[in-house]
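Participant:
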Amino acid sequence: MRWTLKPKPDPEKVNSLSKALKVEPLIASLLVQRGVETFEEAEKFFRPNLDNLHDPYLMKDMDKAVLRIQKAIENEEYILVYGDYDVDGTTSVALLSSYLKSYYPNVSTYIPDRYNEGYGVSYKGIDYAEDNGFSLIIALDCGIKAIDKVGYASEKNIDFIICDHHRPGKEIPKAVAVLDPKRDDCSYPYKDLCGCGVGFKLIQALAEKRGLQLEDLLLYLDLVATAIAADIVPITGENRILAHYGLKVINSNPRTGIQTILKQVKKEKLTITDVVFIIAPRINAAGRMKHGNHAVALLTETDFEKAQTYAAEIETFNTNRREADKQITEEALQQIIANKEEARKTTVVYQESWHKGVIGIVASRLTETYYRPTLVFTKSGEKLAASARSVKGFDVYNALESCAEHIEQFGGHMYAAGLTLFEKDFENFKNEFERVVSETIDPHLLTPEIRIDTEINLQDITPKFFRILKQFAPFGPGNMTPTFMTQNLMDTGWGKCVGEDKTHLRVVVKQGNSNQFTGIGFGLADKQDIACGGKPFMAAYCIDENEWQGNISLQLRLKDIR
Numbered sequence: 001m002r003w004t005l006k007p008k009p010d011p012e013k014v015n016s017l018s019k020a021l022k023v024e025p026l027i028a029s030l031l032v033q034r035g036v037e038t039f040e041e042a043e044k045f046f047r048p049n050l051d052n053l054h055d056p057y058l059m060k061d062m063d064k065a066v067l068r069i070q071k072a073i074e075n076e077e078y079i080l081v082y083g084d085y086d087v088d089g090t091t092s093v094a095l096l097s098s099y100l101k102s103y104y105p106n107v108s109t110y111i112p113d114r115y116n117e118g119y120g121v122s123y124k125g126i127d128y129a130e131d132n133g134f135s136l137i138i139a140l141d142c143g144i145k146a147i148d149k150v151g152y153a154s155e156k157n158i159d160f161i162i163c164d165h166h167r168p169g170k171e172i173p174k175a176v177a178v179l180d181p182k183r184d185d186c187s188y189p190y191k192d193l194c195g196c197g198v199g200f201k202l203i204q205a206l207a208e209k210r211g212l213q214l215e216d217l218l219l220y221l222d223l224v225a226t227a228i229a230a231d232i233v234p235i236t237g238e239n240r241i242l243a244h245y246g247l248k249v250i251n252s253n254p255r256t257g258i259q260t261i262l263k264q265v266k267k268e269k270l271t272i273t274d275v276v277f278i279i280a281p282r283i284n285a286a287g288r289m290k291h292g293n294h295a296v297a298l299l300t301e302t303d304f305e306k307a308q309t310y311a312a313e314i315e316t317f318n319t320n321r322r323e324a325d326k327q328i329t330e331e332a333l334q335q336i337i338a339n340k341e342e343a344r345k346t347t348v349v350y351q352e353s354w355h356k357g358v359i360g361i362v363a364s365r366l367t368e369t370y371y372r373p374t375l376v377f378t379k380s381g382e383k384l385a386a387s388a389r390s391v392k393g394f395d396v397y398n399a400l401e402s403c404a405e406h407i408e409q410f411g412g413h414m415y416a417a418g419l420t421l422f423e424k425d426f427e428n429f430k431n432e433f434e435r436v437v438s439e440t441i442d443p444h445l446l447t448p449e450i451r452i453d454t455e456i457n458l459q460d461i462t463p464k465f466f467r468i469l470k471q472f473a474p475f476g477p478g479n480m481t482p483t484f485m486t487q488n489l490m491d492t493g494w495g496k497c498v499g500e501d502k503t504h505l506r507v508v509v510k511q512g513n514s515n516q517f518t519g520i521g522f523g524l525a526d527k528q529d530i531a532c533g534g535k536p537f538m539a540a541y542c543i544d545e546n547e548w549q550g551n552i553s554l555q556l557r558l559k560d561i562r
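First residue of the sequence shown? That's 1 in UniProt numbering, and the numbers climb one at a time after it.
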C-alpha cells in the first residue's frame, strides 16, 4: 500500500471557518479539504436542499425533449422507455416509466437482452418498437453513440430521445433530443449525473410543465440514490442532494420492490455503502443472470405479494451470480499464472464459456489481486465481449481509444468500460493494450493508494467529533469517508487474528495515556507481527460505530499498518 497524506489546507481558511461554524479546527480542516470554505458552503454541505438543484432546462435539448413527449401524449402515441440492463439503466426505466404512467397509459418498457442484443440501443429493440406501434423511444443510460441505430429508427418513422451520461463520440446521434451533460456543447452546471439522474432531470422538467413541485417527485429519489450508489459517480453537488433525499426515502418509505429486498436486512438505517452492497447487487443480478426486465418489474410493482415473488426470484439470481463470480475469478487467476503474466502492466484474460453477466465483477476482483488495468473477455455470439476496469488515476477509456483499430465497439467511463471485438483481433488488441498502458501509466498508479486526510491522536476521537463526522455523509467519490493516520500506537496484549479463516486482525490499542480503542483490519492478518510485536506502530484507518449486545462504541476500521 502507498500512503499519501493530503496537503494541509490554508491555515487562515481553516481558522476562519472554525470561528464561523464554532467547530474545532480539525473539523474545519477536513471541510476545507473538501472545498467547503465559507459558512454558506458549509450550510449547503451539511443541509442539502432541493432548492439548490439546477433548473433542468439548463440542459441542452431539454426543451425539445419535453415538447416531443407532450406532443406524443396529445396525439395518444405509444412511448417505449428503453434502458440498459444494469442498475443505472433499470432504475432509470423504472423511474421514467412509472412517472409517465402516473398520468398517461400508453407507456411500455424495454430492456435489451445482455446475451442476444448486448449493451445499449439494439436493432432488435427498434424492430420491436416498429412491430408494436411505438413512435417514440426514450433511451436512458445508453444511446449517446447509437448513431446508426437512431438513423435506422428514423427510417421507420420512430423518434428518439436520448438521456445518457457517458462520454459522446465525435458525432452526436440525430435524435429529436440528446440529453447528456457531458456533451461539449451542453452548459449544464453539473456534469457528473448518472443515467437515472439525467432521467430525473427530465421528469423534473415535465413536472414543472404540469404545475408540480419538487416535493411531489421525492418518491422517485429512492431509485436515483440507488443508481448514484451503484454507478459510483461523485457524491458532490447535485448528486449529494439527490443521494441525501433518496436515502431518506429508502429509510422511511421506499417503493414496494425495495421494501421486499430490505425485509431480510436487520438494519435500522441504511447508508450509501449499504445500498451498494445490499440493494444494488440484487437489482444488478437480474440483468446479469437472467434479464433486466425482472428488475424493472420489481421496482415498478405496487402489490406487496407480487413484489415478494419478484424479490425471491432475484435473490436466487444473486446467489447464482455469487457462485459464478467466485468460480470465474479462480479460473482467471489460474490463467494469469499459467500464461506467466503476473509481471505485466495489464490483465487481459479470455475464456469463451465465462458467463457474460459477471465478467465486470470478475474484472474488479482481479484488480484486487493484480492492481492494474484489467479486461475480462468472453464469447458473445460471433464476437468477443469484455468488461474493463481501471486503477485509481488511470483513464482506461482513453487507453481503449488508442487501441480502437482492433476494437469493433466500445464505450464507458474513466474507470469502467465495455467493448466488443472479433476473435481474430484478440491477440493484437491484447498486445496493443499492454503497450499503450505500459507507455502511458505512471508506475506509482500500479500500487494501491491510501489517501489520508490528516494525522490525528487517539485523544481527538471523541463522541462529539464522531457525531459531526457522521454529518459529512452521504460518502462516496468526491466525498470519501475521512481516513486518518495515528503514530505510536501500542497493542494492549489483546491483538489476534479473527474470522473463520483467521484472515482478519483485531487489536486493542492505546497511544500514551489515551483511552483504549478496538481496531479491526479485514484481510490484515499478515500484519499481526507488526501490530502485536510489542513495538509502537502506525495505522491508517476510518472511524466506525460498533454495536455489540446493545452497547455502541467507536472503533477503528484499519486500512493498513506500518
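Glycine included, C-beta positions come from ideal geometry on N, C-alpha and C. This structure is a prediction, so every number in the text was calculated from the model and none was measured.
Taking 8 Å as the cut-off, does the stretch 89–104 touch the stretch 298–316 (at least 3 CB pairs, one atom from each stretch)?
Facilitator: In short, these stretches touch, since the Cβ pair count reaches three.
Participant: Please classify ARG2 as buried or exposed, where buried requires at least 16 other C-beta atoms within 10 Å of its C-beta.
Facilitator: If you draw a 10 Å sphere on the C-beta of ARG2, you find fewer than 16 other C-beta atoms in it, and that means exposed.
Participant: Taking the beta strand (DSSP E) that CYS497 belongs to, which residues open and close that run?
Facilitator: 496–498
Participant: Thinking C-alpha only, which one of GLU76, THR109 and PRO536 is nearest LYS510?
Facilitator: The residue with the shortest Cα to Cα distance from LYS510 is PRO536.
Participant: Along the chain, where does the alpha helix (DSSP H) that runs through GLY246 open and close?
Facilitator: Note, GLY246: alpha helix (DSSP H), 237–252.
Participant: Please indicate yes or no: does the CB of HIS294 lie closer than 7 Å to some heavy atom of the ligand GDP?
Facilitator: The ligand GDP is not among the ligands present in this structure, which contains no ligands whatsoever.
Participant: Hey, could you find the ends of the alpha helix (DSSP H) VAL391 is sitting in?
Facilitator: Per DSSP, VAL391 belongs to no alpha helix (DSSP H) and is neither H nor E.
Participant: Using the DSSP secondary-structure output, state which residues sit across from PHE160 in a beta bridge.
Facilitator: ILE137
Participant: Identify the continuous alpha helix (DSSP H) that holds GLU449 and give its terminal residues.
Facilitator: Note, GLU449: premise wrong, no alpha helix (DSSP H); beta strand (DSSP E) at 449–452.
Participant: Mind reading off the beta-carbon distance from LEU53 to ILE241? Whole number of angstroms is fine, and I expect it under 8 Å.
Facilitator: By a beta-carbon distance limit of 8 Å, LEU53 contacts ILE241. Their separation comes to about 6 Å.
Participant: Near residue 589, what residues of its chain come up, given a Cβ to Cβ distance below 8 Å and the 5 sequence neighbours on each side ignored?
Facilitator: Here the chain covers residues 1 to 562 and nothing more, so residue 589 does not appear.
Participant: To the nearest angstrom, report how far apart THR420 and ALA207 are at their CA atoms.
Facilitator: 39 Å
Participant: Within 10 Å of its beta-carbon, does ALA227 have 16 or more other beta-carbons around it, so buried, or fewer, so exposed?
Facilitator: In the assembly as shown, ALA227 is a buried residue. Its beta-carbon has 16 or more other beta-carbons within 10 Å.
Participant: Kindly list the residues whose CB is nearer than 7 Å to the CB of THR492, restricted to its own chain and excluding five residues on each side of it in sequence; keep chain order.
Facilitator: VAL508, VAL509, LYS510 and GLN516
Participant: What do you reckon, are the CB atoms on ILE161 and ARG68 nearer than 8 Å?
Facilitator: Yes, these two residues count as a Cβ contact at 8 Å.
Participant: Measuring CA to CA, which of ASP141, TYR115, ASN157 and GLY143 is closest to ASP131?
Facilitator: ASN157
Participant: Please determine if the stretch 369–387 and the stretch 463–478 are in contact, where contact requires at least 3 C-beta pairs separated by less than 8 Å.
Facilitator: no
Participant: With LYS13 as the anchor, note down where its beta strand (DSSP E) starts and where it stops.
Facilitator: Element bounds for LYS13: not the beta strand (DSSP E) but the alpha helix (DSSP H), 11–21.
Participant: Quick one: is GLN549 buried, meaning 16 or more other Cβ sit within 10 Å of its Cβ, or exposed?
Facilitator: exposed
Participant: Quick one, which of GLU405, ARG451, GLU449 and GLU423 has its alpha-carbon nearest VAL436's?
Facilitator: GLU405
Participant: Restricting to runs no shorter than 4 residues, where is the alpha helix (DSSP H) found entirely within the stretch 268–311?
Facilitator: 280–285 and 293–300
Participant: Give the straight-line distance between the Cα atoms of ALA385 and LEU458, rounded to the nearest whole angstrom.
Facilitator: 50 Å
Participant: Just the Cα atoms here: how many angstroms apart are GLY98 and GLY169?
Facilitator: Gly is not the amino acid found at residue 98; the sequence shown has Ser there. Using only the alpha carbons, I get a separation of about 31 Å.
Participant: DSSP three-state label for ALA177, please.
Facilitator: strand
Participant: On a Cα-Cα basis, can you pick out the residue from PHE46, GLY246 and ILE561 that is closest to LEU218?
Facilitator: For LEU218, the closest C-alpha among the options PHE46, GLY246 and ILE561 is that of GLY246.
Participant: Which runs of the beta strand (DSSP E) spanning at least 3 residues fall entirely within the UniProt domain "DHHA1" (348–438), listed in chain order?
Facilitator: 374–380, 383–389, 409–412 and 416–422
Participant: On the criterion of 16 or more Cβ atoms from any shown chain inside 10 Å, does GLN555 qualify as buried, or is it exposed?
Facilitator: buried
Participant: If distances are taken between C-alpha atoms only, which option among ASP141, THR378 and ASP192 comes closest to VAL358?
Facilitator: THR378
Participant: Could you give the distance in angstroms between the alpha-carbon of ASN251 and the alpha-carbon of TYR220?
Facilitator: 13 Å
Participant: Using beta-carbon positions only, say whether VAL107 and LYS209 come within less than 8 Å of one another.
Facilitator: no
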